[in-house]
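I have placed the structure first, in the form of structure tokens, so that the comments after it can refer back to it.
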Amino acid sequence: MAKTVLIVEDNELNMKLFHDLLEAHGYRTIQTRNGIEALDLVRTHRPDLILMDIQLPEVSGLEVTKWLKEDDELRSIPVVAVTAFAMKGDEERIRQGGCEAYISKPISVSKFIETVRTYIGDQ
Amino acid sequence: MRNCEIRAALERSFDHLVHSSVVDDPVEVDRHRGFIGSHLVSGFSAFGLIPPALAVDPSSAGFTATALSILGLEILVALFVSRTGRLAQGYLLSAAILTTLAVWVALHTGGLGSFAVVWFAIAPIEAALSGRRSTVAGAALISGAGFLLTIFLTATGGASQAFAFAGDSTTMNFLACVVALGYASGVAIGIERRERATSLSIARQEQRYRLLAEAMSDLVTCHNPSGDVTFASPAAMRLLSVRPSDLIAEGLFRRVHIGDRPAYLSAISVALHQGAARVEYRLRCGDEQDTDGWIWVESHMRHLADEQGDDAVVTVTRDISERKQHEAELETLRADSEAANLAKTRFLANMSHELRTPLNAIIGFSDILNQELFGKFEFDRQREYSGLIKESGEHLLQVVNDILDLSKIECGSFDVNPEAFRVGPLVDRCRQMMAPQAEKAGVILTSEIEPNLPELVADPRACRQIVLNLLSNAVKFSNRGGHVICSVRRQGRRMAIAVRDNGIGIAEKDLCRVGSPFFQAETGYDRKQAGTGLGLSVVKGLVALHGGQVMIDSDLGKGTTVTVLLPMQPSRDSAEPISRVLDVDQIQRVARRA
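Chains as they are written, first to last, in the numbering used here: chain A, 1 to 123; chain B, 1001 to 1594.
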């Protein structure tokens, strides 16, 4: 059965890009643009990986990651941050927030797929 | 008139005889000059009279010569005062000489009945010129002793009539009295004259001090140890628009702003105990009920002992409202610029984020197309165009990154984290990263690393960016079949990283502007190379942050060598002020004539 990736992303085009890419590589996706909804979706669908945008409306991706990592049942799901923050120290801040990996926008298609494969456990 | 001139000239001629300890006090100088002058004149006159006296009456030669010689001793007294400056002793010595003379003459001219007896009064009168009671008393004592000695010797028959002059004694006494009276009158006139000069000089000095106090815009006040004002200078009117008397006692303190009173009082206490203090506080001007008339003042306080030897504090107070206003303006400016800087940083972060988000879609989707994930292109043109879209997207991304870096360098928020690393492997990695671009441009990329290089202490991230930007530029401005060499060698206490190409080169006229943001030497529509000129600006900024140097050596049409010199160890002052980082002069330009 195809592995599931939850995409948390508030930009329409980027959402489509990630979805199309993942779909082309045989993954199923669940999509949300809202951090709080993301938490519910994780509980109900138990995805194999979460792609997390950091700058989200209302609740930041870092906050959502913190909640996930505080939950004993959900802690094991890898979180890969995808963000357009590229200022110095951003990566460190994001990794400290509990994210397993960090991909900066704009992405390179091959690197993106490689990272997803690594953390979802397909390699 | 002529008389006055002669006198003044005479007085001046005695000026240099006055002792240096009194030259600053005009009244004292006058006293000393008068004493020295009159005693020298009388001494020399006495000596001068000896030959004619001998000629007139050879029979009394011994007596007359001795009397005149005694008077001649006055020269020595004058010299004594001139050399030591001790005027009081001078008067006493003079009194002794005059008394001795009176005793000598009286004893040889009939003792107590002699005409010379009246001369005993002269010594104390002369001493009155000294202006000191103790000197007058001393002179009177000496003179009295001489008088008593004369009485005693007369009674015991020690006096003689040997040289009693011819003629009746009444005439002689009359003459002697006239001489004494004349002398006493002269002394009295002298005293009066001196008194007038003294009071005139005091008045002049007072006038000078008043002028000084009035002309000074600084307020001078004296305080007793409890802080009460005992004196206030006329500047009170100028500074606070109040009379000086309004500040006496607690008048000044009541005008000190309540919030500044502790500082004011503690400054007085510090001045009392440590000698000096400085304090800034607000004072109310004009009417005490006026709550708007505040001025900022600065007081310098100094501990002094007043005339009675009691502790006192002298304070000089100055209006510093203008300075305070400047300080406040500066503070506002500083806060404004800080806020502007913060806004700029925030703006940059936002801009970067907003530009990267759409770029992600552009590069991502064109990348998917290029990889033909969802089916092959029908025409080659389609592949070419989607490739161009991706390339342009990546170029735009580079521009965004460069602008971001440049802004961070300029506003000083680019942190340099120096660590020790080996430059050789870093350059090799950069060369590998550039290999695809070089291959595409048909340019050969090689490196020459000097063996046994020491480790460089610098920010590796910044160094990688420096090398990458230089290599990228070199490849970009090389013709197909060109050769780019990156060499690293040690140059004294610095590491020289040089990138040499045999590309298009830079004209001498353009050299000075190379490295300015958005400047590319070859301007116009025929610009062949893509780029913004930001790459070298970033290199310049990063090198400056390390306290290094960038040198460009170029030959139009033959190639360019850019050499970066980095100190082996970062120096303390390498953190350049922001504004200077992108100073064009930071680049040392070497142009060879083509």
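Each residue gets a CB set at the ideal place from its N, CA and C atoms; glycine is no exception. This one's a predicted model, so the numbers in the text were calculated from it and none came from an experiment.
Heavy atom of the ligand MG within 6 Å of residue i beta-carbon
i, result
"B:S1472", "Ligands are entirely absent from the displayed structure, and the ligand MG is therefore not among its contents."
Chain B within 7 Å of residue i, Cβ atoms only
i, result
"A:N11", "yes"
"A:P57", "no"
"A:A2", "no"
"A:L135", "Lying before the first or after the last residue shown, residue 135 of chain A is absent from chain A, which here runs from 1 to 123."
"A:L17", "yes"
"A:V5", "no"
Cross-strand partners of residue i (DSSP beta bridge)
i, result
"B:C1486", "B:S1447, B:V1499"
"B:F1421", "B:L1456"
"B:H1303", "B:V1313"
"A:K4", "The displayed chain sequence assigns Thr, not Lys, to residue 4 of chain A. DSSP output for A:T4 lists A:R28 as bridge partner(s)."
"B:W1296", "B:R1282"
"B:S1478", "The partner list for B:S1478 (beta bridge, DSSP) is empty, contrary to what the question assumes."
"A:A101", "A:V80"
"B:R1494", "B:Q1491, B:P1567"
"B:A1276", "B:R1302"
"B:D1319", "B:V1297"
Rounded C-alpha distance that separates residue i from residue j
i, j, result
"B:V1310", "B:V1018", "Residue identity differs from the one stated: residue 1310 of chain B is Asp in this sequence, not Val. B:D1310 and B:V1018: Cα-Cα distance of roughly 35 Å."
"B:T1322", "B:R1284", "With the sequence shown as reference, residue 1322 of chain B is identified as Glu, and Thr is not the correct amino acid for it. Near 16 Å, if we compare the C-alpha coordinates of B:R1284 and B:E1322."
"B:T1357", "A:T83", "8 Å"
"B:I1320", "B:S1038", "57 Å"
"B:S1160", "B:G1062", "15 Å"
"B:R1083", "B:S1299", "46 Å"
"A:M1", "A:K105", "30 Å"
"B:D1555", "B:S1413", "36 Å"
"B:R1238", "B:L1200", "29 Å"
"A:F18", "B:N1452", "48 Å"
"A:V8", "A:R75", "17 Å"
"B:D1526", "B:L1511", "In this prediction, B:D1526 scores a pLDDT of 40, lower than 50, which makes its location untrustworthy; no coordinate-derived value is stated."
"B:L1565", "B:I1485", "16 Å"
"B:K1540", "B:A1263", "51 Å"
"B:N1173", "B:F1044", "26 Å"
"B:N1370", "B:D1402", "26 Å"
"A:E114", "B:Q1465", "25 Å"
"B:P1225", "B:A1544", "59 Å"
"A:E37", "B:R1383", "40 Å"
"A:H25", "B:D1405", "36 Å"
"B:I1368", "B:S1392", "15 Å"
"B:A1166", "B:L1141", "In this prediction, B:A1166 has a pLDDT of 49, which is less than 50 and means its spatial position is unreliable; what the coordinates show is noted afterwards. The straight-line gap from Cα to Cα measures roughly 33 Å."
"B:I1506", "A:K69", "57 Å"
Chain A contact for residue i (CB, 7 Å cutoff)
i, result
"B:N1360", "yes"
"B:R1356", "yes"
"B:H1483", "no"
"B:H1353", "yes"
"B:P1425", "no"
### Query
Taking a cut of 8 Å between CB atoms, which residues from the segment 1364 to 1381 of chain B lie near chain A?
Going along the segment 1364 to 1381 of chain B in chain order, one finds G1364, F1365, D1367, I1368, Q1371, L1373, F1374 with a Cβ nearer than 8 Å to chain A.
### Task
Enumerate, from N- to C-terminal direction, the unbroken alpha helix (DSSP H) stretches of 4 or more residues contained entirely within the segment 19 to 94 of chain A.
The DSSP assignment places 35 to 45, 61 to 70 as complete runs of the alpha helix (DSSP H) inside the segment 19 to 94 of chain A, in order along the chain (cut-off: 4 residues).
* Asked: Taking the runs of the alpha helix (DSSP H) that are 4 residues or longer, which of them lie wholly in the segment 1194 to 1263 of chain B?
  -> Counting only runs of 4 or more, we get 1235 to 1240, 1251 to 1255.
* Selection of the segment 91 to 111 of chain A by Cβ proximity to chain B, strictly under 9 Å -> Listed in sequence order: S104, K105, P106, I107, S108, V109, S110.
Note down, in chain order, all residues in the segment 73 to 86 of chain A with a beta-carbon under 9 Å from any beta-carbon belonging to chain B. Correct list: V82, T83, A84, F85, A86.
| message | Counting only Cβ-Cβ distances shorter than 9 Å, please list the residues of the segment 21 to 53 of chain A near chain B, keeping chain order. | response | For the segment 21 to 53 of chain A, the set of residues with a beta-carbon nearer than 9 Å to any beta-carbon of chain B comprises L21, A24, H25, in chain order.
_Residues of the segment 1396 to 1413 of chain B whose Cβ lies closer than 7 Å to any Cβ of chain A, in chain order_ = Residues passing the 7 Å Cβ filter: L1397.
(request) Run through the segment 1008 to 1057 of chain B for me and flag every whole alpha helix (DSSP H) of 4 or more residues, listed as ranges in chain order. (result) Fully enclosed alpha helix (DSSP H) runs of 4 or longer: 1026 to 1056.
What ranges does the alpha helix (DSSP H) occupy inside the segment 1087 to 1150 of chain B, keeping only unbroken runs of at least 4 residues that lie completely in it?
Taken in chain order, the whole alpha helix (DSSP H) runs of length 4 or more contained in the segment 1087 to 1150 of chain B are 1087 to 1108, 1122 to 1127.
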